[in-house]
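Undergrad: FYI, my numbering numbers position 337 of the sequence shown as 440, with every residue one higher than the one before it. Just so it is clear, CB atoms sit at the ideal spot from N, CA and C, and this is done for glycine as well. These numbers come from a predicted model, not from an experiment. Submitted below is the structure of interest, expressed as structure tokens.
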Amino acid sequence: MKPHDALRRKLLKDTAWASGLMLMSPLMAGARSIESTNKEKALNIAPGRIKFGVVNINHGHIYGMVEAVTRGGGEMVAVYAKEPDLLNNFHKRYPNCKIAKSEQEILEDTSIQLVLSSGIPDQRAPLGIRVMQHGKDYLTDKPGAITLEEFAQVKKVQKETKRIYMIMYSERLENKATMKASDLIKQGAIGKVIQTVNLAPHRMSINSRPDWFFDKKRYGGILTDIGSHQFDQYLYFTGTTKAEVLLAQTGNVHYPQYPHFEDFGDVMLSGNGGTGYIRVDWFTPDGLDTWGDGRLTILGTDGYIEVRKNTDIASGNKGGNHLYLVNQKEMVHMDCNKESLPFGPLFVDDIINRTETAMPQADCFLATELALIAQKKARPMTLKK
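Written out as structure tokens, the structure reads:
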């Protein structure tokens, strides 16, 4: 790693606090600022290792999912969607992809090994079950299920068919600074992890949202939806395999015109690997330069890491993928934008070799199960008007 010229910044007057838990200041006086790696590693692999299709594209996350699998050597051969406008936009970006006449055409194509979907959340689990029953693996946008009942059916069919049911937790799997945090923790940079704190604000962009976005019966609730990313990170960084939801609450604070919508939620967790706190909301202000100032703080016995995923406000650092490390030896800021993203290649390897290197199936399922349990247990928020 090659240090930049010495950079020093003023210590912020105020220490950031969130839900009673202290977060790091943007760049502490005296901290080193470096690139986490000198040269970005190209992980693009020649297409044709597997063929995959896409069914339902109701969320823009599908584009990142396609790019990840393509990086791993996947070749997209067909797409199906009911909505002409969504399909036209997708086909403009991927003009060589065949437009299928039906879902069934893709499911019955024996050359296709994997199906991707970012359909409306209440359609994702039923589709995944059909995909697995047709002998194919499945990669779905989060949430991968919106009720415990349908999730039980997903697990049953996955066990019967031995197919992969993968959920794209992109806030970890497709964020370079978060993946760098994983490397540092494996190297012992902060000792044993004790706790994770996930803050995941999102921008509402109300005029761009379809009707289903505001209907809890269709998207599952805020903890089920955007909370699922955070449960995944809690499990991954603490190494937790058994966990309990100690407290959960959700509410609709600001959008009474959408009575079936939730704009805030938080959760406290305890597990055999560590504790966790999660806050999710739809209150990103328009003044921010990105859709959400997502942050992950990982506390260890010998230090802590803060990941600033999408932006690094008031620091002078451009864009996202910034990581701050404080341990017994030093304070370091790392620009992680040249890190590689291994999920796509590993996932394609798993499809070919029937392995679990990208993410164990049990871990994938446990993150969703905890989100669903928290959503079900959540008590309603009551704020004074």
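Run through the stretch 200-275 for me and flag every whole alpha helix (DSSP H) of 4 or more residues, listed as ranges in chain order.
TA: You should have 206-210, 224-236 and 251-264.
Undergrad: To the nearest angstrom, how far is the alpha carbon of P445 from that of T485?
TA: Whole-angstrom Cα-Cα distance: 43 Å.
Undergrad: Should the stretch 341-357 be called in touch with the stretch 256-266, which here means at least 3 C-beta pairs below 8 Å?
TA: Short answer: they don't touch.
Undergrad: Contact check, I209 vs V172 under 8 Å by CB: the rounded distance?
TA: That belief does not hold up - the Cβ atoms of I209 and V172 are roughly 15 Å apart, past 8 Å.
Undergrad: Could you give the distance in angstroms between the alpha-carbon of G238 and the alpha-carbon of T264?
TA: Looking at the two C-alpha atoms, the distance is approximately 7 Å.
Undergrad: Would the beta-carbon of L242 fall within 8 Å of that of M269?
TA: Cβ atoms of L242 and M269: closer than 8 Å.
Undergrad: Please state whether DSSP places P129 in a helix, a strand or coil.
TA: Reliability of the predicted coordinates at P129 is poor, the pLDDT of 44 falling under 50, and no value is obtained from them.
Undergrad: For S311, does the count of other Cβ atoms within 10 angstroms reach 16, so buried, or fall short, so exposed?
TA: Per the 10 Å Cβ criterion, exposed.
Undergrad: For a test of the three-state rule: what should DSSP assign to L373, helix, strand or coil?
TA: As written in the sequence, residue 373 is Ser, which differs from the Leu given in the question. Note: S373 maps to strand in three-state DSSP.
Undergrad: Could you give the distance in angstroms between the alpha-carbon of Q431 and the alpha-carbon of T404?
TA: Going from the Cα of Q431 to the Cα of T404 covers about 10 Å.
Undergrad: According to DSSP, is E332 part of a helix, a strand, or is it coil?
TA: This sequence places His at residue 332; Glu is not what is there. In this structure, H332 counts as helix in the three-state DSSP scheme.
Undergrad: Measuring only the C-alpha atoms, how far is N278 from C467?
TA: Each residue's Cα considered, the two are about 17 Å apart.
Undergrad: Considering only C-alpha positions, which residue in the set G376, N440 and T414 is nearest to A303?
TA: The option with the nearest alpha carbon to A303 is T414.
Undergrad: Decide if the stretch 187-200 is in contact with the stretch 210-227; the criterion is three or more beta carbon pairs, one per stretch, under 8 Å apart.
TA: No, the stretch 187-200 is not in contact with the stretch 210-227.
Undergrad: Quick one: is K319 buried, meaning 16 or more other Cβ sit within 10 Å of its Cβ, or exposed?
TA: Buried is the call here.
Undergrad: Alpha carbon to alpha carbon, how far is W315 from Y322?
TA: So the two alpha carbons sit approximately 7 Å from each other.
Undergrad: Kindly identify the DSSP beta-bridge partner or partners of M179.
TA: DSSP output for M179 lists F155 as bridge partner(s).
Undergrad: Look up H425 in the DSSP assignment and say whether it is helix, strand or coil.
TA: Strand, per DSSP.
Undergrad: To which residues of the same chain is L124 closer than 8 Å at the C-beta, ignoring the five residues directly before and after it?
TA: The predicted model places L124 with a pLDDT of 34, which falls under 50 and marks its position as unreliable; any figure quoted below should be read in that light. Same-chain partners within the cutoff: V300, Y380 and T400.
Undergrad: Taking C-beta to C-beta, are I408 and I293 nearer than 8 Å?
TA: It is a contact, given that the beta carbons lie within the stated cut-off.
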